[in-house]
Each structure stands twice: as structure tokens, then as C-alpha cells.
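Per numbering that gives the first Met the number 0, the very first residue in the sequence shown carries number 0; after that it's consecutive.
All residues carry an ideal CB built from backbone N, CA and C; glycine is no exception.
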Amino acid sequence: MNVREETIAKINQLPEELVGEVNDFVSFLLMKHDSNRWQLWELFAEGKKLAESDFSDYLSNLEEYEERLASGEIQW
């Protein structure tokens, strides 16, 4: 039995909810080895990380900016 057949046999033993996880992982591997799709994934992940990190301090930064505008320290 080769590796492919052994892997398929193991997948056939899994409960259905775990087969979905295996399918997701196989999709990830296929994407990872397609350089165009992988580059898009990396850009998406980077953008998501940036968006999540920047918005965590948004309110405090906005309040500080408004205070500086009100005091005349900076102008619009």
C-alpha cells in the first residue's frame, strides 16, 4: 500500500465531521503550492492582521486627535 492509499484508508475511518477538517487542510495545501493563490492568501492575512491591530486603539487615538484640534495644537 502506498502513502496515498494509506491516507485514503485512514480518511475513510474518520467520522464525517473530521473529514471536513481533512478536506480544509487538503485545500490549504493545494493553495499553498499554487504560488499565485498563496501570494493572495498572504496579502489577505497581512491586511486582516493590520486591520485588527489598528482598530484596537482607534477610539483613544481619535479622542487625542480631537483634543489636539480643540486646543489649537494642530489644524484640520
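Please report the distance separating the alpha-carbon of residue 30 from that of residue 36.
Each residue's Cα considered, the two are about 6 Å apart.
Give, in chain order, every unbroken run of the alpha helix (DSSP H) that is at least 4 residues long and sits entirely within the segment 9 to 37.
15 to 31
Cα-Cα separation between residue 15 and residue 21, rounded to whole angstroms:
10 Å
Limits of the alpha helix (DSSP H) - the one that residue 72 falls within:
Careful: residue 72 lies outside any alpha helix (DSSP H) and carries neither H nor E.
So what's residue 1 in DSSP terms, helix, strand or just coil?
Reduced to three states, the DSSP call for residue 1 is coil.
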